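*Asks:* Below is a structure I'd like to ask you about.
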Amino acid sequence: MNPIPTLNNRFAELDSRLYSPTQASTIGAPRWVIRNHALANYLGMDLTSNNGEPFLSAFSGGAPLPNSRPLAMVYAGHQFGHYVNQLGDGRGLLLGEIDTPQGAFDLHLKGAGPTPYSRMGDGRAVLRSSIREYLCGEAMTALGIASTRSLCITTGEQTVWREKEESAAMLVRVA
1050 MNPIPTLNNR FAELDSRLYS PTQASTIGAP RWVIRNHALA NYLGMDLTSN
1100 NGEPFLSAFS GGAPLPNSRP LAMVYAGHQF GHYVNQLGDG RGLLLGEIDT
1150 PQGAFDLHLK GAGPTPYSRM GDGRAVLRSS IREYLCGEAM TALGIASTRS
1200 LCITTGEQTV WREKEESAAM LVRVA
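Under this note's numbering, the letters of the sequence shown match residues 1050 to 1224, in that order.
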């Protein structure tokens, strides 16, 4: 098992109009909320002990993993009943891809902070909705329904305002 995998980012090899290179912004004093050790092992990663420190940093807006080229993807679509020619990842970043014997998997950091596509938002995710996404993805997988999964959730000292003040969080989505 390679404790810290080398990432690649084939998406970054596409036309640069499809993305914007963007660094995550830290949530400060990061700590783990939950780590999906079974999924980490499946991907050949070790999130435990000292091997987990580079991951905690990378998955909370700190130093990226080796060869990671974080980017926010841009896309078009309908929103509120109207076509919008430039939407995009307003709070998430594609960190890169990890190649495993089971295939290639994207690592996407949700709640990474503002991106060029945030449209005046803070780019953050809240802890409660991150936990809900984590649980739903794992439940779908356990039921045999293909779904994205979550590798981990981190939180820190930063708070965000939604209906009330809440803890900011970052979730690593795997697809």
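Heads up, the beta-carbon is just placed ideally off N, CA and C, and yes, glycines get one too. Just so it is clear, the structure is predicted and the values come from calculations on it, not from any experiment.
Give the single residue among LEU1184, CYS1201, ALA1153, PRO1115 whose Cα lies nearest to the Cα of PHE1108.
*Replies:* In the sequence shown, the residue the question calls residue 1108 occupies position 59. Out of LEU1184, CYS1201, ALA1153, PRO1115, CYS1201 has the C-alpha closest to the C-alpha of PHE1108.
*Asks:* From the DSSP output, in three-state form, read off GLU1215 for me.
*Replies:* Position 166 of the sequence shown, counting from 1, holds the residue named residue 1215. Here GLU1215 sits in strand by DSSP.
*Asks:* Can you tell me whether ASN1085 is buried or exposed? The criterion is at least 16 other CB atoms within 10 Å of its CB, across all chains shown.
*Replies:* What you label residue 1085 is simply residue 36 of the sequence shown in a count that begins at 1. Per the 10 Å Cβ criterion, buried.
*Asks:* According to DSSP, what are the bridge partners of ALA1153?
*Replies:* Within the sequence shown, the letter at position 104 stands for residue 1153. ASP1148, per the DSSP bridge assignment.
*Asks:* Looking only at DSSP bridge pairs, what is CYS1185 linked to?
*Replies:* Taking the first residue of the sequence shown as 1, we reach residue 1185 at position 136. In the DSSP output, where bridge partners are listed per residue, CYS1185 has none listed.
*Asks:* Please go through the same chain and pick out, in chain order, the residues whose beta-carbon is closer than 8 Å to the beta-carbon of SER1106, but skip the five residues on each side of it.
*Replies:* Counted from its first residue, the sequence shown places residue 1106 at position 57. Excluding positions up to five away in sequence, the list reads PRO1079, ALA1112.
*Asks:* So the candidates are LEU1184, GLU1215, ARG1140; which of them puts its Cα closest to the Cα of LEU1176?
*Replies:* Position 127 of the sequence shown, counted from the start, is the residue given in the question as residue 1176. LEU1176 has its Cα closest to that of GLU1215, out of LEU1184, GLU1215, ARG1140.
*Asks:* Do ALA1161 and LEU1136 come within 8 Å of each other at the CB atom, strictly closer than that value?
*Replies:* Indexing the sequence shown from 1 puts residue 1136 at position 87. Indexing the sequence shown from 1 puts residue 1161 at position 112. No; because the gap between Cβ atoms is not below 8 Å, this pair is not in contact.
*Asks:* Could you tell me if LEU1088 is buried or exposed, where buried requires 16 or more neighbouring beta carbons within 10 angstroms of its beta carbon?
*Replies:* The residue labelled residue 1088 in the question sits at position 39 within the sequence shown. Buried, because 16 or more other Cβ atoms sit within 10 Å of the Cβ of LEU1088.
*Asks:* Look at the alpha carbon of GLU1062 and the alpha carbon of VAL1123, and state the distance between them as a whole number of angstroms.
*Replies:* Against the sequence shown, residue 1062 aligns to sequence position 13. Against the sequence shown, residue 1123 aligns to sequence position 74. For GLU1062 and VAL1123, the distance between alpha carbons rounds to 14 Å.
*Asks:* Tell me whether the beta-carbon of GLY1172 lies closer than 8 Å to the beta-carbon of PRO1163.
*Replies:* Working through the sequence shown from its first residue, we reach residue 1172 at position 123. Working through the sequence shown from its first residue, we reach residue 1163 at position 114. Yes, the Cβ-Cβ distance between GLY1172 and PRO1163 is below 8 Å.
*Asks:* Answer yes if the stretch 1175–1194 comes into contact with the stretch 1064–1075, meaning at least three C-beta pairs across the two stretches below 8 Å, and no otherwise.
*Replies:* Short answer: they don't touch.
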